[in-house]
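Residue numbers (the numbering used here), protein chains in the order written: chain A, 309 to 834; chain B, 309 to 834.
The beta-carbon is built from N, C-alpha and C at its ideal position, and this holds for glycine as well.
On a predicted model such as this, the values are computed, not experimentally measured, just so you know.
There are 2 protein chains.
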Amino acid sequence: MKYINFDKTAVYQKLKNAALDFDLKNKLDAKRVGECVVPMAAGLTYSWAAKSVSDQTVKLLQELAEKQGLIEKYKTLLNGEVMNTGENRKVLHHLSRGQQGQPVIENGKNIGDFYRKELERFGDFANEVHQGKYKGSTGKPFTTVVQIGIGGSDLGPRAMYLALENWAATEGKKRMDAKFISNVDPDDASAVIAQCNLEQCLFILVSKSGTTQETLANELFVKDKLVKAGLDPSKQMIAVTSETSPLARNSAYLNSFYIDDYIGGRYSSTSAVGGCVLSLAFGPEVFKEFLSGAAEADKMALETDILKNAALLDALIGVWERNFLMYSSTAVLPYSQALSRFPAHLQQMDMESNGKRVNRNGESIDYSTGPVIFGEPGTNGQHSFYQLLHQGTNVIPLQFIGFTESQRHDDVTVDNSVSQTKLAANLAAQIVAFAKGQNSSDKNKEFPGGRPSSLIYGKKLTPAVLGSLLAHFENKVMFQGFVWNVNSYDQEGVQLGKILTKKVLSGNFGDSALEAYSKILGISFA
Amino acid sequence: MKYINFDKTAVYQKLKNAALDFDLKNKLDAKRVGECVVPMAAGLTYSWAAKSVSDQTVKLLQELAEKQGLIEKYKTLLNGEVMNTGENRKVLHHLSRGQQGQPVIENGKNIGDFYRKELERFGDFANEVHQGKYKGSTGKPFTTVVQIGIGGSDLGPRAMYLALENWAATEGKKRMDAKFISNVDPDDASAVIAQCNLEQCLFILVSKSGTTQETLANELFVKDKLVKAGLDPSKQMIAVTSETSPLARNSAYLNSFYIDDYIGGRYSSTSAVGGCVLSLAFGPEVFKEFLSGAAEADKMALETDILKNAALLDALIGVWERNFLMYSSTAVLPYSQALSRFPAHLQQMDMESNGKRVNRNGESIDYSTGPVIFGEPGTNGQHSFYQLLHQGTNVIPLQFIGFTESQRHDDVTVDNSVSQTKLAANLAAQIVAFAKGQNSSDKNKEFPGGRPSSLIYGKKLTPAVLGSLLAHFENKVMFQGFVWNVNSYDQEGVQLGKILTKKVLSGNFGDSALEAYSKILGISFA
């Protein structure tokens, strides 16, 4: 497998020389909307009609996919090669939801079997909790699950829970409420605990290494509260960790479920990190449906024709926008309240993966990598930052997501339409408004148009659809990492802050500014 | 008063020619941290030591402030001149919390008196609700207030409520729970209603014009639920609207409180829009403390020396970063879980105000205006997008916010420090890590440094401190608008989407792409 920097490829120069302008205003018509679609897993569709991408650009992007060996590299990753070069690790989150490549064997152990065994173990455990086999310290059934974790142990699982909470309630699948404690700010844990009936809460401690500062502080915060309430933490807390961590097989926990170093935090929603809390909240069958949607998306991402592979095409158009149209941020705009925290999850997944300035061998690179990702649900965002998106001085590509049905099927007719129809009408209107703009003799009422967007659409946000969506973006980010020749799976950029935090807490600052900032923030070692 | 485009000023050219490089890595020491501070209202401090700003830059920014008449223009705004040129309106949100300028008289009416009268009216109403003078349709006391509004009627009030909820609970000031319904997605209203005991809910309908599509749809959604539950909506809903709207003095509502066209939605947290819900949740005295912090900040923003005026200096450094260092986005990073939605509010306030491409006279401009604003609370963000902030290929200026005390005073000691100390230690560490970076022979572990940040810090997040924070950013955005010579107070960029939505809902698309998108999103007129 050949790994070369993006700007050293011949196709990079061809893209540099390609025409940047595309007359989106005039090209976007019903025919283009009908043609520029790619099927996705679980019945979703990726529509790229409103992207500023010409036939010539598509051709060059196809060539780029081939010359950078994107599908081959994906297969290599699936088959268990060390793709996290910096940390010398395999990258196996796909394996947590399906077997797309060869079995991955290490030291005689089939890693897929390990993931599948854990999936069954935490599924069985969730069923047993629901059946009342496990109860709180005072003998009452567990009604609430509280996940203690930060970063990937928080954002993804929380976003997935919120995405399915109303669907589950409506379908009669809601088993337990879920809450989340993440921030080391003590007000976070304190406020969540204050809302809980502690004797009916099952806590999940999530830390792969068993050494995450925030998570361990919050664990002790919670245990202190349990003990003070006369409850036994060892009967009310499980651990999700690696088999080699101090939390594993530790009698301080009711049970432990395992992950390994081959699934990064931001890719762990389909592992035990997301699986325990989602199985407890909605039942293991719902979690498996979610996995099935993700697995189907992973399979479809193996297609080599970029016009038939939504994740690949999305990735390549993103590269076009980032490196040639020079757009530095992307907005994710789900027209679905259930996806309220999905942009925050993608913000981590994308920015932590591809916010890199060295290639996979640790050598400096000379081109832009991951963009800023931000977003809020529509229609809320329309009344907030869309002003800048429509009429600001920079172009920001948009990723819309929409569904034809609501999750709760509870609606009202006002002015001859239900709210779900209004939601969809707003979404259609925005795509066209951004693409086509509006002329006006009053420049303040003029919309320049030519502002590109893509749309992922489907019938309803179900567990399988959510899995499909999640895997789509994971695979998009993976393909972009391959194009840019970066390692999307480490995060060295988080280390320096940890080191300096330890210095502050030890009182050995080693830097006068660090000491001065610590002092004004109230830290003293008198 | 002289209004000229930024690039037509002499100081623009001087800034263009000024040295961009500043050796932040080596200049940031205890002395600079001690010197580069500006007092803010309510005991906060603005620290700009870690900004890439030299003495020469400061001098030029002072000149810019004077040449563009920023303080004069602010006074003009306070005195009631029409500063929202596009809509021919005064801009009077400052007057909702204090009288900094001359009395503003219009048609013989003192507008300050009008705002003060409404403040007393909704304060009295809140007290009466708390005293049980008003009760739900079935005679039970109101325990929950539910705000129905979108955009500025949602983001600001919601962020302020979340910021004070734990403080109020701890101080014994929490009177009622507050919930919010905003999105036209029917799942939003349906899910909120499902969590409510309807007979004890008081609803606040917020729409200045009384015509906001989402809000009216949600009003009817709620009323339908109330009627189906055998409750009387006219006894359980109040309106916040303009005196000329169809909602005013309407017997369908228990009471109405008024705003006017001189307070834009995104600046309405200190008016009845924020005041009703916050006074009901925490009592009118708490809301008045919040206003006092904002008023003090407004007063301090009149200072002409940029080194003594935090909002002005923050604004000017932002212009320096946007137009000369060419940074296109800014991250807002509060180390406070209570401020979890404060970045979302600033995202609206800033991007909707200054995301403009024409000047205040509607003429095209040739320089960058408002940046992308995004953010999440720390330490959570550290485990998410900070990788890109530290090691990505673009520099993103950072706005940190931190406090020495938690709101709930409920903490745990782990490894010799409480969580609040860990939170502060992380914040100090991040500022220094971004500014100074780290050399390494392994380029993957190298941090380039030179990444600028500012810090707003104080003792504890109280109502007055929150008011100070809010007004700081409002005034910062105002000053930037003056520099850029744009109208920060209209939002023509939201109009085109509304027009096209109406076309979709009427079935008269007038555009084949609009019809095609509507069809794939499930809208049909069979």
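DSSP links K417 of chain A through a beta bridge to A:E414. In the displayed model, F711 of chain A falls within a strand according to three-state DSSP.
Looking at B:S362, B:T365, B:W356 and B:Q408, the one whose alpha-carbon comes closest to that of I379 of chain B is B:Q408. Burial is judged here by how many other beta carbons sit within 10 angstroms of a residue's own beta carbon; K310 of chain A has fewer than 16 and is exposed. When rounded, the separation of the alpha-carbon atoms in P541 of chain A and L472 of chain A is 29 Å.
Proximity of P685 of chain A to chain B, defined by a Cβ-Cβ separation below 8 Å, is satisfied. Cβ neighbours of G518 of chain A within its own chain (closer than 7 Å, five residues either side excluded): T549, S553, P554 and L555. Judged by their CB atoms, G444 of chain A and K533 of chain A are not nearer to each other than the 8 Å cut-off.
Taken through DSSP and simplified to helix, strand or coil, K310 of chain A comes out as coil.
Not one beta carbon of chain B lies nearer than 8 Å to the beta carbon of F590 of chain A. Around the C-beta of Q410 of chain A, fewer than 16 other C-beta atoms lie within 10 Å, and the residue is accordingly described as exposed. By the 16-neighbour rule on beta-carbons within 10 angstroms, F650 of chain A is buried. Residue pairing by DSSP leaves Q521 of chain B without any beta bridge partner. In terms of CA proximity to A467 of chain A, A:L654 leads the group A:A824, A:N435, A:L654 and A:N415. Spatial neighbours of G815 of chain B in its own chain (CB-CB distance under 7 Å, excluding positions within 5 residues in sequence) are listed in chain order as F833. Beyond the five residues adjoining it in sequence on each side, L323 of chain B comes within less than 6 Å, by CB distance, of L368 and F632 in the same chain, given in chain order.
Taking C-beta separations shorter than 6 Å and ignoring five residues to either side along the sequence, the partners of P642 of chain B in its chain run F650, P685 and I709, following chain order. The shortest CA-to-CA distance from C509 of chain A to any of A:G700, A:L539, A:L697 and A:K767 is the one to A:L539. In the three-state reduction of the DSSP assignment, A486 of chain A falls in the strand class. Looking at the backbone, the Cα of G591 of chain A and that of K481 of chain A are separated by about 7 Å. Counting C-beta pairs with one atom in each stretch, the region 500–507 of chain A and the region 603–618 of chain A have fewer than three that are closer than 8 Å, which means they do not touch. Nearest C-alpha to N474 of chain B among B:V319, B:E713 and B:K806: B:E713.
Scanning the region 494–550 of chain B for uninterrupted alpha helix (DSSP H) segments of 4 residues or longer gives 494–502 and 521–536, listed from N- to C-terminal end.
Note that the C-beta distance between A358 of chain B and S762 of chain B is below 8 Å.
The alpha helix (DSSP H) runs of length 4 or more contained entirely in the region 396–457 of chain B are, from start to end of the chain, 419–439. Closest by C-alpha distance to V454 of chain B, out of B:A477, B:E479 and B:D485, is B:D485. Nearest to S636 of chain A by C-alpha distance, out of A:H691, A:R665, A:T687 and A:P679, is A:P679.
DSSP places G830 of chain B in the coil class of the three-state scheme, outside both helix and strand. For V345 of chain A, DSSP records a beta bridge to A:S355. At least one CB atom of chain A sits nearer than 8 Å to the CB of A737 of chain B.
Taken in chain order, the whole alpha helix (DSSP H) runs of length 4 or more contained in the region 601–659 of chain B are 618–627. Against M659 of chain B, the close residues of chain A are S692, F693, Y694, Q695, L696, L697 and G700, in the order they occur along the chain (beta-carbon pairs closer than 9 Å). DSSP lists B:S355 and B:F708 as the beta-bridge partner residues of L763 of chain B. For Y311 of chain A, no CB of chain B lies under 8 Å from its own CB, so it is not counted at the interface with that chain. It is roughly 21 Å from the alpha-carbon of Y469 of chain A to the alpha-carbon of Y423 of chain A.
Inter-segment contact for the region 385–403 of chain B and the region 511–525 of chain B is absent: fewer than three beta-carbon pairs are separated by less than 8 Å.
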